[in-house]
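Asker:
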Amino acid sequence: MYATERIYLTGDKKRVVPEGDPKAAFLFASPGDEIRDDAVKQFKLKVGEQVSETAPGRATPEPAKPDLSDADREELEALAEQIEEDRAAAAEDRKASEAAAVKASEDRAVAEKAAAEAAADLAKIEKAKKQPASDKARKPGPDKAKPPGGTKGADVDEKAGG
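Just so you know, this note's numbering puts 121 at position 138 of the sequence shown, and the rest follows in order with no gaps.
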């Protein structure tokens, strides 16, 4: 248990009294002092009033600010300003990197699409090369072209009919 207030013993040390009591003779505990359980029972201390099960929070003193010279203060301010500039530059670099990554991703997608189209065209060409000659469309060659004056059979018919 911990004292929550100043507690005093009477002159005969048989009882405890609060601070300011005329019978207070000896300081028994100050706020935050640990009190053994047997003393709590012996003096019938009241939990929640005179004692607590946990140590009361004590105010932590603020750390003393160092006494800086004007030159030191200016140097610290310059460093703080440089830190802020570096943070801003890093943020800009991060944005530029993200934009470059997006652009690279878009360019990659365009290149992959072009490569897929080229592969499909190449597959069509390879397929056409592998087709047998009978499957290819036949075009009359120069030796099979019709003569400008008609066909031989037509000349024969004219002679026979005339």
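For every residue, glycine included, the Cβ atom is placed at its ideal position computed from N, Cα and C.
Alpha carbon to alpha carbon, what distance is there between Glu75 and Ala92?
Answerer: Stepping through the sequence shown from its first residue, residue 92 is reached at position 109. Stepping through the sequence shown from its first residue, residue 75 is reached at position 92. Rounded to the nearest angstrom, the two C-alpha atoms are 26 Å apart.
Asker: Taking all protein chains shown into account, do 16 or more other C-beta atoms lie within 10 angstroms of the C-beta of Phe9, making it buried, or fewer, making it exposed?
Answerer: Here residue 9 is taken as the residue at index 26 of the sequence shown, counted from 1. Exposed, since its Cβ has fewer than 16 Cβ neighbours within 10 Å.
Asker: Could you compute how far the alpha carbon of Ala98 sits from the alpha carbon of Ala73?
Answerer: Residue 98 sits at position 115 when you count from the first residue of the sequence shown. Residue 73 sits at position 90 when you count from the first residue of the sequence shown. If you take the alpha carbons of Ala98 and Ala73, they lie about 37 Å apart.
Asker: Whole angstroms are fine: how far does the CA of Glu95 sit from the CA of Lys78?
Answerer: Residue 78 sits at position 95 when you count from the first residue of the sequence shown. Residue 95 sits at position 112 when you count from the first residue of the sequence shown. Answer to the nearest angstrom: the Cα atoms are 26 Å apart.
Asker: Looking at the unbroken beta strand (DSSP E) that takes in Val(-1), where does it start and where does it end?
Answerer: Position 16 of the sequence shown, counted from the start, is the residue given in the question as residue -1. Looking at the DSSP string, the run of the beta strand (DSSP E) that includes Val(-1) is -1 to 1.
Asker: Between which two residues does the alpha helix (DSSP H) carrying Leu62 extend?
Answerer: Residue mapping note: residue 62 aligns to position 79 of the sequence shown, counting from 1. Element bounds for Leu62: 53 to 113.
Asker: How many Å lie between Asp20 and Ile(-10) at the Cα?
Answerer: As a first step, residue 20 must be located in the sequence shown, where it is residue number 37. As a first step, residue -10 must be located in the sequence shown, where it is residue number 7. Between Asp20 and Ile(-10), the C-alpha separation is close to 15 Å.
Asker: Does any C-beta atom of chain D lie closer than 9 Å to the C-beta of Glu89?
Answerer: In the structure shown, chain D cannot be found, because there is only a single protein chain.
Asker: When the Cα of Gly(-6) is compared with those of Phe11, Ala(-14), Tyr(-15), Met(-16), which residue comes out closest?
Answerer: Stepping through the sequence shown from its first residue, residue -6 is reached at position 11. For the residues Phe11, Ala(-14), Tyr(-15), Met(-16), the minimum Cα distance to Gly(-6) belongs to Phe11.
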